[in-house]
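K.L.:
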Amino acid sequence: MRVLAAMSGGVDSAVAAARAVEAGHEVVGVHLALSRAGGTLRTGSRGCCTVEDAMDARRVADKIGIPFYVWDFSERFRDDVIDDFIAEYSAGRTPNPCMRCNEKIKFQALLERALELGFDAICTGHYATLVDGDEGLELHRSSEEAKDQSYVLGVLTAEQLRHTMFPLGETPSKSIVRREAEERGFSVAKKPDSYDICFIPDGDTRGYLAEKVGAATGDIVDRSGEVVGSHEGAHAFTVGQRKGLAIGRPAPDGKPRFVLEIRPVSNEVVVGPKEALAVAEISGTRYSWAGAAPREDAFRCEVQIRAHADPVPAHAVLADGALVITPDAPLDGVATGQTAVVYVGTRVLGQCTIDRTVSAVPVDPQPVSA
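Just so you know, we're using this note's numbering here: the sequence shown kicks off at 9 and counts up by one.
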């Protein structure tokens, strides 16, 4: 096949591209330039998609003898990822920009261009596996549980899966990938993995949002509506946060308070006891299936709400245009805007962006919602 290898400049995508070549495919490497700040450089393991990363990817492409290009996706990245990130925080939600990048950039914009140029598939260094099921391709967890990235791939569609390759999915250990890279003479063999939000490489999300969203003072209230403090910008808070509330006086029971909810319309931050973070139900109207849709509108599954969270047994149902998920045990500290990925065993069934949560410890019958 003609394969377009997405090369981030890291060790995983480097080895994935090399394996695609060894499998006999006609491979072309491409690095996505996502920032218009041309002088941006990576610092240690902070950030990604920088000038340094592009140079690392080019060196690997030269080593394995494949053509290599840098494609400017910065405008699309700004519109679909950065602007969405700012808008979600402005609306009191907690978005996952990596999930949005996979959905809109790496497996939509990139794949669309690849198919237009006559490629059959794109190849990435994600740790996940594809399995031929009775109803078509299925997305499954990687055999490397510690590095499994199926959660952030939950936004992929059946059509996208048909044109995607994950050469690292069956690799049992990241150390094997690094050793292979070293044996191949790749300069990125010991390069640290990236973390943090790539467009906020210094890790100061609060400062970034203060600049982009703007600070507006408001009230910190408890679940009954009593004002217990003030804040200088609701965007600086996330559900489950304990530190940095600066309330100045303890709760009546002497226990610490946690952020339970962000209310952007009234510019209020709601706080309460830790047990009030327990969520009995989540739902989202923006849902999709990673392959064939479930045959029934109600089914058993497992739900995962963060990339490295443990999956929780649950019951899911499609009702009134939403995917409604009820975990067997309450989830802890769920925020609207997060992504809930639904599994059946190791298979990724689909996902939804959470837009409604119901507290397991309600003050009244109304759901907690942003």
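C-beta atoms are modelled at their ideal positions from N, C-alpha and C, and glycine is treated no differently. Just so it is clear, the structure is predicted and the values come from calculations on it, not from any experiment.
Excluding the 5 residues preceding and the 5 following V376 in the sequence, name in chain order all residues of the same chain whose CB lies nearer than 6 Å to its CB.
P.N.:
As a first step, residue 376 is located in the sequence shown; it is residue number 368 there, counting from the start. Model confidence at V376 stands at a pLDDT of 48, short of 50, so the residue's coordinates are unreliable and nothing is read from them.
K.L.:
So, with DSSP's three-state summary, where would you put T137?
P.N.:
One-based indexing of the sequence shown puts residue 137 at position 129. It is a strand residue.
K.L.:
Would you call V235 buried or exposed, if buried means 16 or more other Cβ atoms sit within 10 Å of its Cβ?
P.N.:
Mapped onto the sequence shown, residue 235 falls at position 227. By the 10 Å Cβ count, V235 comes out exposed.
K.L.:
Report back the beta-carbon spacing between A300 and L164 to the nearest angstrom; my notes put them in contact at under 8 Å.
P.N.:
Taking the first residue of the sequence shown as position 1, residue 300 is located at position 292. Taking the first residue of the sequence shown as position 1, residue 164 is located at position 156. Not really, about 13 Å apart at Cβ, beyond 8 Å.
K.L.:
Between K114 and A14, how many whole angstroms is the CB-CB distance? I'm expecting something under 8 Å.
P.N.:
Numbered from its first residue, the sequence shown carries residue 114 at position 106. Numbered from its first residue, the sequence shown carries residue 14 at position 6. The pair is a contact, with the Cβ atoms about 6 Å apart (cut-off 8 Å).
K.L.:
Give the single residue among E310, P75, D156 whose Cα lies nearest to the Cα of A322.
P.N.:
Walking along the sequence shown from the start, residue 322 turns up at place 314. When each option's Cα is compared against that of A322, the closest is E310.
K.L.:
Just the Cα atoms here: how many angstroms apart are A25 and A197?
P.N.:
One-based indexing of the sequence shown puts residue 25 at position 17. One-based indexing of the sequence shown puts residue 197 at position 189. The straight-line gap from Cα to Cα measures roughly 14 Å.
K.L.:
Alpha carbon to alpha carbon, how far is P319 from E178? Give it in angstroms, no decimals.
P.N.:
Here the question's residue 178 lines up with position 170 in the sequence shown. Here the question's residue 319 lines up with position 311 in the sequence shown. Taking the straight line joining both Cα atoms gives about 21 Å.
K.L.:
Could you pull out every residue in the same chain whose Cβ sits closer than 7 Å to the Cβ of R216, ignoring the five residues on either side in sequence?
P.N.:
As a first step, residue 216 is located in the sequence shown; it is residue number 208 there, counting from the start. The displayed chain sequence assigns Tyr, not Arg, to residue 216. Cβ within range, chain order: I208.
K.L.:
Could you give the distance in angstroms between the alpha-carbon of V139 and the alpha-carbon of H171?
P.N.:
Your numbering for residue 139 matches position 131 in the sequence shown. Your numbering for residue 171 matches position 163 in the sequence shown. Near 13 Å, if we compare the C-alpha coordinates of H171 and V139.
K.L.:
In the DSSP assignment, find the alpha helix (DSSP H) that holds F307 and state where it starts and stops.
P.N.:
The residue you call residue 307 lines up with position 299 of the sequence shown. Premise fails: F307 lies in the beta strand (DSSP E), 306-312, not in any alpha helix (DSSP H).
K.L.:
Taking the alpha-carbon positions, what's the R10 to D128 distance?
P.N.:
As a first step, residue 10 must be located in the sequence shown, where it is residue number 2. As a first step, residue 128 must be located in the sequence shown, where it is residue number 120. Their backbone Cα atoms lie some 5 Å apart in a straight line.
K.L.:
Assign E143 to buried or exposed, taking buried as 16 or more other Cβ atoms, counted over all protein chains shown, within 10 Å of its Cβ.
P.N.:
Position 135 of the sequence shown holds residue 143. Flag for E143 reads exposed.
K.L.:
By DSSP's criteria, Y351 is part of a beta bridge. Which residues make up the other side?
P.N.:
The sequence position of residue 351 within the sequence shown is 343, counting from 1. BP columns for Y351 point to E310, V356.
K.L.:
On the premise that V267 lies in contact with V277, defined as a C-beta separation below 8 Å, what is that separation, rounded to the nearest angstrom?
P.N.:
Locating residue 277 in the sequence shown gives position 269, counting from the first residue. Locating residue 267 in the sequence shown gives position 259, counting from the first residue. Yes, V277 and V267 are in contact; Cβ-Cβ is about 6 Å, under 8 Å.
K.L.:
Taking the beta strand (DSSP E) that T334 belongs to, which residues open and close that run?
P.N.:
Numbered from its first residue, the sequence shown carries residue 334 at position 326. First-last of the beta strand (DSSP E) with T334: 330-335.
K.L.:
Is A22 helix, strand or coil when you go by DSSP?
P.N.:
Within the sequence shown, numbered from 1, the residue matching residue 22 stands at position 14. If DSSP states are grouped into helix, strand and coil, A22 belongs with the helices.
K.L.:
Pop quiz: R108 and D88 are said to be a contact at Cβ under 8 Å. What is the actual Cβ separation, rounded to whole angstroms?
P.N.:
Residue mapping note: residue 108 aligns to position 100 of the sequence shown, counting from 1. Residue mapping note: residue 88 aligns to position 80 of the sequence shown, counting from 1. Yes, R108 and D88 are in contact; Cβ-Cβ is about 7 Å, under 8 Å.
K.L.:
Considering only residues of the same chain and omitting the five flanking positions on each side of G47, which have a CB-CB separation below 8 Å?
P.N.:
Reading the sequence shown from its first residue, position 39 is the one you call residue 47. Confidence in G47 is poor, its pLDDT being 47 and thus under 50, which makes the residue's placement unreliable; the coordinate value appears in the next sentence. For G47, where only same-chain residues beyond five positions count, the Cβ hits under 8 Å are V59.
K.L.:
Determine the burial state of T225: buried for a count of at least 16 other Cβ atoms within 10 Å of its Cβ, exposed for fewer.
P.N.:
Within the sequence shown, residue 225 is the residue found at index 217, counting from 1. When all chains shown are included, T225 counts as exposed.
K.L.:
Secondary structure at F76, three-state DSSP: helix, strand or coil?
P.N.:
Taking the first residue of the sequence shown as position 1, residue 76 is located at position 68. Of the three classes helix, strand and coil, the one that applies to F76 here is strand, per DSSP.
K.L.:
Could you tell me the boundaries of the beta strand (DSSP E) in which V273 lies?
P.N.:
Position 265 of the sequence shown, counted from the first residue, corresponds to residue 273. Segment: none, V273 is in no beta strand (DSSP E) and carries neither H nor E.
K.L.:
Report buried or exposed for R50, applying the criterion of at least 16 other Cβ atoms within 10 angstroms of its Cβ.
P.N.:
Locating residue 50 in the sequence shown gives position 42, where the first residue counts as 1. Any reading at R50 must be qualified, since the residue scores a pLDDT of 48, below 50, and its modelled position is unreliable; the value itself is stated next. R50 comes out buried.
K.L.:
Which residues in the same chain have their Cβ closer than 6 Å to the Cβ of Y159, if we skip the five residues on either side of it in sequence?
P.N.:
Counting from one through the sequence shown, the residue named residue 159 turns up at place 151. Excluding sequence neighbours, Y159 sits near Q312, A315, V349.
K.L.:
Going by the CB atoms, is the gap between V23 and V4 shorter than 7 Å?
P.N.:
Past the boundaries of the shown model lies residue 4; the chain is included only from 9 to 378, so the question cannot be answered.
K.L.:
Between the C-alpha atoms of H33 and A166, what's the straight-line distance to the nearest angstrom?
P.N.:
Along the sequence shown, one-based indexing puts residue 33 at 25. Along the sequence shown, one-based indexing puts residue 166 at 158. About 22 Å.
K.L.:
CB-CB under 6 Å to K282, same chain, minus the five flanking residues each way: which ones, in chain order?
P.N.:
Residue numbering aside, residue 282 sits at position 274 when the sequence shown is read from its first letter. For K282, where only same-chain residues beyond five positions count, the Cβ hits under 6 Å are F266.
K.L.:
Helix, strand or coil, according to DSSP, for E191 in the structure here?
P.N.:
Looking up residue 191 in the sequence shown gives position 183. Of the three classes helix, strand and coil, the one that applies to E191 here is helix, per DSSP.
K.L.:
Residues bridged to R294 by DSSP?
P.N.:
Locating residue 294 in the sequence shown gives position 286, where the first residue counts as 1. T361, per the DSSP bridge assignment.
K.L.:
In terms of alpha-carbon separation, which member of E120, E304, L357, S21 lies closest to R67?
P.N.:
The count along the sequence shown starts at 1 and reaches residue 67 at position 59. Checking every option, the nearest Cα to that of R67 belongs to S21.
K.L.:
Do L12 and I130 come within 7 Å of each other at the CB atom, strictly closer than that value?
P.N.:
Here residue 130 is taken as the residue at index 122 of the sequence shown, counted from 1. Here residue 12 is taken as the residue at index 4 of the sequence shown, counted from 1. Taking 7 Å as the Cβ cut-off, I130 and L12 qualify as a contacting pair.
K.L.:
With 16 other CB atoms within 10 Å as the buried threshold, where does K263 fall?
P.N.:
Here residue 263 is taken as the residue at index 255 of the sequence shown, counted from 1. When all chains shown are included, K263 counts as exposed.
K.L.:
Measuring alpha carbon to alpha carbon, tell me which residue in E191, F307, G73, A327 is nearest K351.
P.N.:
In the sequence shown, counting from the first residue as 1, residue 351 sits at position 343. First, the residue type needs correcting, since residue 351 is Tyr and not Lys in the sequence shown. The option with the nearest alpha carbon to Y351 is F307.
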